[in-house]
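A.B. asks: Note that the UniProt record's numbering has the sequence shown beginning at 1, numbered continuously upward. Cβ atoms here follow ideal geometry from the backbone N, Cα and C, with glycine treated the same way. Values in this document were obtained by computation on a predicted structure and should not be read as measured data.
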Amino acid sequence: MKKGEVTAFLSLIFILIISFISAMIESTVIQTEKNQKRLDVDRAVFSIFGEYQKQLLEEYEVLAIDISYGTASYREENLLDRMRYYGSVGIEHDIQGIQYLSDKNGNAFREQVLDYMEDTYGISIIRDLAGMTGQWQEQELNGEELGRQDSEWNTQLEETLEENESMLPAEENPLPNVESLKQSSLLQLILPREYQLSGRQINLSEQPGARTLRKGKGSFYMRQDLNGIEERLLFHEYLLKKFSNAVETKGENRSLSYEIEYMIGGKGSDSENLEAVAKKLLAIRFGMNYLYLQTDTEKQAEVEALALTLSTLAALPAVAGIVKQVLLAAWAFGESVMDLRSMMSGRKAALVKNSGNWQLSLSSLMTLGTGEDTQEGMDAEDGLSYTDYLRILLFLQNEDTLTMKALDRVEQNIRLEKNITNFCIDSCVVKLKLQNKAIIREGLEYQFPVYFGYETA
């Protein structure tokens, strides 16, 4: 009896052990199959993100998958087809989140650009500029305000002369010539004679910033300091390095030659954009030159003498004060033209004026812009170049608009320079979230998420 009891007990123990081992083996098999499914998906995801758009990386240091794969088919399903090609057959994929390069006004683009600039050049490249941004904004405001005052002074002078049925004499009076120049093309006044003005133009409605773009979905981590002063300056340095302007060309087969000017002006042609930028620079220089004239007693005396002469000859000595202000503004305008001539010739214009670097005499306003005008503008060793002033104008732009204008140029340049006619910036994927469902065996399915994105540490 005792031996029988021991045998039955051992049998029960043996059955339990076998059951436990079988359960462990079953669990291991299931877990192994789960791990294999995860590995299949991970391998497929890594593989498709390895198929980044090569020209986008080579030219602009940006990683993204072009879901069209060089075709005219811009379907997210193309990504899943490629995953199945890389071994995720039998697994269902649902795209829970996808981020395009153009999403949220190009934030993903700016994020990668900042990573690239910080890794390649470091923050030191813009450290000296960060403390000057307040001055740039002040210069813009001063130029705009003084421009309005100049218009008011001219209107006041015209009304006063009309009321008294009088007019200023033409002899030794530079004001008619200056007013005529203000109404004419600024480019004709500032560009070197040998300069070949670009005639290139684009259709604005076809640009990413104007058309309806594909939009991603889901939420993704994004660096929080995209709009800090240092980050903005770094982004602008990237733009100046990668895109051409009126004095520095970057590529021959681009639809626009003045790309930085396009980002600032937003017009459809190179000439319009250069004109728009030139006017902005003229306004800044006008404000600074006018403020300098207010401090130069010799030039003040020269202007006062001419104002008194003109108003006396017009039999209206009471208008000498307003004539003086109009003459000062005209002189500041003429000096600003000389500054722009310097910059457009590849030279530097003095940031702060003094009696030694002031270029234009008061009498030269009479011949400015005429056949007798041969002045080209001096080169100030410690001054600012055209590119330096573009840097200022870039900082004064709306950052979201600027980013989308940059993406306009990226898309156009890859299409034309690399002959990839179907390339669209809003078909470039940078981050992806997938919910995956795999059938382990009948009645048993396994669901798991996978995320991948182009990010730097």
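#1: Between the alpha carbons of residue 1 and residue 8, how many angstroms are there, rounded?
#2: Could you have a look at residue 333 and say whether DSSP puts it in helix, strand or coil?
#3: Do you know how far the Cα of residue 235 is from the Cα of residue 28?
#4: Return the bridge partner residues of residue 428 from the DSSP annotation.
#5: Report, in whole angstroms, the separation of the C-beta atoms of residue 485 and residue 247, which I expect to be a contact under 8 Å.
#6: Quick one: complete alpha helix (DSSP H) runs, 4+ long, within the segment 372 to 399?
#7: Which residues in the same chain as residue 410 place their Cβ atom closer than 7 Å to its Cβ, once the five residues preceding and following it in sequence are excluded?
#8: Which residues does DSSP list as the beta-bridge partners of residue 441?
#9: Quick one, which of 107, 394 and 406 has its alpha-carbon nearest residue 220's?
#10: Cutting at 6 Å between CB atoms, please list the residues of its own chain near residue 213, excluding the five before and the five after it.
#11: Can you give the Cα-Cα distance for residue 328 and residue 401, rounded to whole angstroms?
#12: I'd like to know whether the C-beta atoms of residue 268 and residue 201 end up nearer to each other than 8 Å.
#13: What residues match up with residue 436 in a beta bridge as DSSP calls it?
#14: Tell me whether residue 287 sits in a helix, a strand or coil according to DSSP, three-state version.
#15: Kindly indicate which three-state DSSP category residue 1 falls into: helix, strand or coil?
#16: State buried or exposed for residue 167, treating a residue as buried only when at least 16 other CB atoms are found within 10 Å of its CB.
#17: Among 82, 318, 58 and 204, which has the Cα closest to the Cα of residue 68?
#18: At what residues does the alpha helix (DSSP H) containing residue 235 begin and finish?
#19: Label residue 298 either buried or exposed according to how many other C-beta atoms from any shown protein chain fall within 10 Å of its C-beta, with 16 as the threshold for buried.
#20: Near residue 274, which residues of its chain fall below 7 Å by C-beta distance, leaving aside the five closest residues on each side in sequence?
#21: If I measure Cβ to Cβ from residue 189 and keep anything under 7 Å in the same chain, skipping five residues before and after, which residues do I get?
#22: Measuring CA to CA, which of 25, 330 and 326 is closest to residue 282?
#23: Going straight from the alpha carbon of residue 412 to that of residue 431, what length do you get?
#24: At what residue ranges does the segment 5 to 58 contain a whole run of the alpha helix (DSSP H), taking only runs of 4 or more?
#25: With a floor of 3 residues, list each beta strand (DSSP E) that falls wholly inside the segment 187 to 222, ordered by position along the chain.
#26: Can you tell me where the alpha helix (DSSP H) holding residue 155 begins and where it ends?
#27: What is the DSSP secondary structure of residue 99, reduced to helix, strand or coil?
#28: Rounded to a whole number of angstroms, what is the C-alpha to C-alpha distance between residue 231 and residue 169?
#29: Within the continuous alpha helix (DSSP H) that includes residue 177, where are the two ends?
C.D. replies: Looking at the coordinates:
#1: Numbered from 1 along the sequence shown, position 1 holds the residue referred to as residue 1. Numbered from 1 along the sequence shown, position 8 holds the residue referred to as residue 8. For residue 1, the predicted model reports a pLDDT of 47, less than 50, meaning its position is unreliable; a value from the coordinates is still stated below. Note on geometry: alpha-carbon atoms of residue 1 and residue 8 lie some 11 Å from one another.
#2: Counting from one through the sequence shown, the residue named residue 333 turns up at place 333. Helix.
#3: Within the sequence shown, the letter at position 28 stands for residue 28. Within the sequence shown, the letter at position 235 stands for residue 235. Taking the Cα positions, residue 28 is about 51 Å away from residue 235.
#4: As a working mapping, residue 428 is identified with position 428 in the sequence shown. Answer is 66.
#5: Here the chain comprises residues numbered 1 to 457, so residue 485 is not present and cannot be evaluated.
#6: With a minimum length of 4 residues, the continuous alpha helix (DSSP H) runs that stay inside the segment 372 to 399 are 386 to 395.
#7: Here residue 410 refers to the residue found at position 410 when the sequence shown is read from its first residue. Answer for residue 410: 60 and 425, listed in chain order.
#8: If you number the sequence shown from 1, residue 441 lands on position 441. DSSP, once it has assigned bridges, lists 444 as partnering residue 441.
#9: Counting from 1 along the sequence shown, the entry for residue 220 is found at position 220. Closest by C-alpha distance to residue 220, out of 107, 394 and 406, is 107.
#10: In the sequence shown, residue 213 corresponds to position 213, counting from 1. Apart from the 5 residues on each side of it in sequence, residue 213 sits with its Cβ closer than 6 Å to the Cβ of 102 and 426 in its chain, given in chain order.
#11: As a first step, residue 328 is located in the sequence shown; it is residue number 328 there, counting from the start. As a first step, residue 401 is located in the sequence shown; it is residue number 401 there, counting from the start. The alpha-carbon atoms of residue 328 and residue 401 are separated by roughly 36 Å.
#12: For this step, residue 268 is matched to residue 268 along the sequence shown. For this step, residue 201 is matched to residue 201 along the sequence shown. It is a contact, given that the beta carbons lie within the stated cut-off.
#13: Sequence index remark: in the sequence shown, residue 436 carries index 436 (1-based). Bridge partners of residue 436: 93 and 448.
#14: Numbered from its first residue, the sequence shown carries residue 287 at position 287. It is helical.
#15: On the sequence shown, residue 1 is found 1 positions in, with the first residue counted as 1. Below a pLDDT of 50, predicted positions are generally treated as unreliable, and residue 1, at 47, falls in that range; no measurement from the model is reported.
#16: Here residue 167 refers to the residue found at position 167 of the sequence shown. When all chains shown are included, residue 167 counts as exposed.
#17: Locating residue 68 in the sequence shown gives position 68, where the first residue counts as 1. Looking at the Cα atoms, 82 is the closest of the given residues.
#18: Reading the sequence shown from its first residue, position 235 is the one you call residue 235. Start and end: 229 to 242.
#19: The residue labelled residue 298 in the question sits at position 298 within the sequence shown. In summary, residue 298 is exposed, with fewer than 16 beta-carbon neighbours lying within 10 Å of its beta-carbon over all protein chains present.
#20: Taking the first residue of the sequence shown as 1, we reach residue 274 at position 274. Beyond the five residues adjoining it in sequence on each side, residue 274 comes within less than 7 Å, by CB distance, of 187, 246, 258 and 261 in the same chain, given in chain order.
#21: If you number the sequence shown from 1, residue 189 lands on position 189. Hits under 7 Å: 181, 337 and 369.
#22: Locating residue 282 in the sequence shown gives position 282, where the first residue counts as 1. Measuring from the Cα of residue 282, the nearest candidate turns out to be 330.
#23: Locating residue 412 in the sequence shown gives position 412, counting from the first residue. Locating residue 431 in the sequence shown gives position 431, counting from the first residue. In this structure, the alpha-carbon of residue 412 lies about 23 Å from that of residue 431.
#24: The segment 5 to 58 contains no whole alpha helix (DSSP H) run of 4 or more residues.
#25: Taken in chain order, no unbroken stretch of beta strand (DSSP E) lies wholly in the segment 187 to 222 with a span of 3 residues or more.
#26: Stepping through the sequence shown from its first residue, residue 155 is reached at position 155. Element bounds for residue 155: 133 to 163.
#27: Here residue 99 refers to the residue found at position 99 when the sequence shown is read from its first residue. Reduced to three states, the DSSP call for residue 99 is strand.
#28: Indexing the sequence shown from 1 puts residue 231 at position 231. Indexing the sequence shown from 1 puts residue 169 at position 169. Computed Cα separation, rounded: 55 Å.
#29: Walking along the sequence shown from the start, residue 177 turns up at place 177. Start and end: 175 to 183.
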